[in-house]
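Enquirer: Residue numbers (my numbering): 4 to 157.
Quick reminder that beta carbons are idealized off the backbone N, C-alpha and C, glycines included.
Mind looking over this structure? Questions follow.
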Amino acid sequence: MDRVIIALATGLYAGRLPVCPGTWGSLVAIIPWFFLRNLTLPAYLLMLVLVFVLGFFVSGSAEKLLNQEDAGPIVIDEILGMFITLACAPDHPAAWVLGFLLFRVFDIIKPFPCSWFDERIHGGIGIMMDDVIAGIYALASLQLIWFAVAAFRA
4 MDRVIIALAT GLYAGRLPVC PGTWGSLVAI IPWFFLRNLT LPAYLLMLVL VFVLGFFVSG
64 SAEKLLNQED AGPIVIDEIL GMFITLACAP DHPAAWVLGF LLFRVFDIIK PFPCSWFDER
124 IHGGIGIMMD DVIAGIYALA SLQLIWFAVA AFRA
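Here it is in structure tokens:
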């Protein structure tokens, strides 16, 4: 069971890559997202809730197994953050790349309240919530930028 927990928490071991595990986890997220992107909105929201619940449990357990608080290899939170970022994303590869870049920026700089969750809330909920909020920031930014570009081109 420990292997399953580690495999899920690390994005099927993408988080074990030696450099920038969060970036690798975010990139890996694009693969399942590509196949899930055409779900109906209620089904997509349900999927987000299920990934959050799974992430809450496996990230908290993996933290204990790895004996490290919010360990770098744990990337299920980045996967959820990317799923949130790309929810309702325009059907264009440039939008997907922009969403990836925006999510990485918000995940790295951790604007409030991301930083609050990252610093003060421990365990699975803290691991997941800062990336949920970073994903919401990236989603909003992606939509605004895409709308502004479309309005400018019109």
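State whether the region 83–93 contacts the region 128–143, with contact taken as three or more CB pairs (one from each stretch) at a distance under 8 Å.
Expert: Flag = yes, the region 83–93 and the region 128–143 touch.
Enquirer: Do the region 139–153 and the region 93–107 touch if we need at least three Cβ pairs shorter than 8 Å?
Expert: The region 139–153 vs the region 93–107: in contact.
Enquirer: Use the C-beta contact count for Glu66: other C-beta atoms within 10 angstroms, 16 or more gives buried, fewer gives exposed.
Expert: Buried is the call here.
Enquirer: Going straight from the alpha carbon of Leu15 to that of Ala154, what length do you get?
Expert: Taking the straight line from one Cα to the other gives about 40 Å.
Enquirer: Does the CB of Pro114 have a neighbour CB from chain D at under 8 Å?
Expert: In the structure shown, chain D cannot be found, because there is only a single protein chain.
Enquirer: Within 10 angstroms of its Cβ, does Pro76 collect 16 or more other Cβ (buried), or is it exposed?
Expert: Counting Cβ neighbours within 10 Å, Pro76 comes out buried, since at least 16 surround it.
Enquirer: What are the start and end residues of the alpha helix (DSSP H) that includes Asp134?
Expert: Counting along the chain, the alpha helix (DSSP H) containing Asp134 begins and ends at 126–156.
Enquirer: Assuming Phe60 is part of the alpha helix (DSSP H), what are its boundary residues?
Expert: 44–69 is the extent of the alpha helix (DSSP H) around Phe60.
Enquirer: Tell me, to the nearest whole angstrom, how far the beta carbon of Val78 is from that of Ala17; I am working on the premise that it is less than 8 Å.
Expert: Val78 to Ala17, Cβ: 6 Å. Contact.
Enquirer: Report buried or exposed for Cys117, applying the criterion of at least 16 other Cβ atoms within 10 angstroms of its Cβ.
Expert: With 16 or more other Cβ atoms within 10 Å, it is buried.
Enquirer: CB-CB under 7 Å to Met131, same chain, minus the five flanking residues each way: which ones, in chain order?
Expert: Phe55, Gly58, Phe59, Ser62, Asp80, Leu83, listed in sequence order.
Enquirer: Which term fits Asp5, buried or exposed, when burial requires 16 or more other beta carbons within 10 angstroms of its beta carbon?
Expert: Label assigned to Asp5: exposed.
Enquirer: Under 8 Å by Cβ, that's how I've got Leu68 and Ile8 pegged, so tell me the actual separation to the nearest angstrom.
Expert: Right, their Cβ atoms sit about 6 Å apart.
Enquirer: Should Leu42 go down as buried or exposed, given a rule of 16 or more other Cβ atoms within 10 Å for buried?
Expert: With fewer than 16 other Cβ atoms within 10 Å, it is exposed.
Enquirer: Going by the beta-carbon positions, is the gap between Pro96 and Trp149 smaller than 8 Å?
Expert: No, the pair does not count as a contact, with Cβ atoms beyond the cut-off.
Enquirer: Give every residue of the same chain whose Cβ lies closer than 7 Å to the Cβ of Asp133, excluding the five residues on either side of it in the sequence, and list them in chain order.
Expert: Cβ neighbours of Asp133 beyond the five flanking positions: Lys113, Cys117, Phe120, Asp121.
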